[in-house]
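Position 61 of the sequence shown, counting from 1, maps to 61 under UniProt numbering, and the rest follow consecutively.
Below: the structure, in structure tokens.
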Amino acid sequence: MTNNPPSAQIKPGEYGFPLKLKARYDNFIGGEWVAPADGEYYQNLTPVTGQLLCEVASSGKRDIDLALDAAHKVKDKWAHTSVQDRAAILFKIADRMEAEPRTVSDR
Numbered sequence: 001m002t003n004n005p006p007s008a009q010i011k012p013g014e015y016g017f018p019l020k021l022k023a024r025y026d027n028f029i030g031g032e033w034v035a036p037a038d039g040e041y042y043q044n045l046t047p048v049t050g051q052l053l054c055e056v057a058s059s060g061k062r063d064i065d066l067a068l069d070a071a072h073k074v075k076d077k078w079a080h081t082s083v084q085d086r087a088a089i090l091f092k093i094a095d096r097m098e099a100e101p102r103t104v105s106d107r
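In structure tokens, the structure reads:
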């Protein structure tokens with residue numbers, strides 16, 4: 001008999017938690033996945049073993065400027081979206097994140 005709990009009881013961050021990760025994650029800007037402007041990535045290591053889980057975009061000022069430019073391009077459309085429609089959109093996003101917490105960043 002092992003001391004490991006059944007996989008259904010393993011929580012994120014615990015040894016044995018099943019993760020489905022891509023090797024590298026870029027920035028999501030303007031509806032597209034975009035590599036960081038300076039090409040730099042953080043190494044995301046598991047605290048359990050110290051092994052590399054994936055690489056994550058190390059965003060800087062240029063990336064922030066790109067994200068702000070993209071947001072400014074759609075601000076008028078968003079401003080003319082009804083409060084009810086905005087709420088529905090945000091709740092739909094939250095529901096998907098809660099339903100698929102392990103894969104939400106793959107989208």
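Using N, Cα and C, we set each Cβ at its ideal position, and we do this for glycine too.
- With respect to V34, L66 sits close: the two C-beta atoms are nearer than 8 Å.
- Taken through DSSP and simplified to helix, strand or coil, E98 comes out as helix.
- Here the alpha carbons of S58 and Y42 stand approximately 6 Å from one another.
- The alpha-carbon of I93 is positioned some 21 Å away from that of H72.
- The three-state reading of DSSP puts Q84 in helix, counting H, G and I together.
- In this structure, the alpha-carbon of I29 lies about 7 Å from that of A70.
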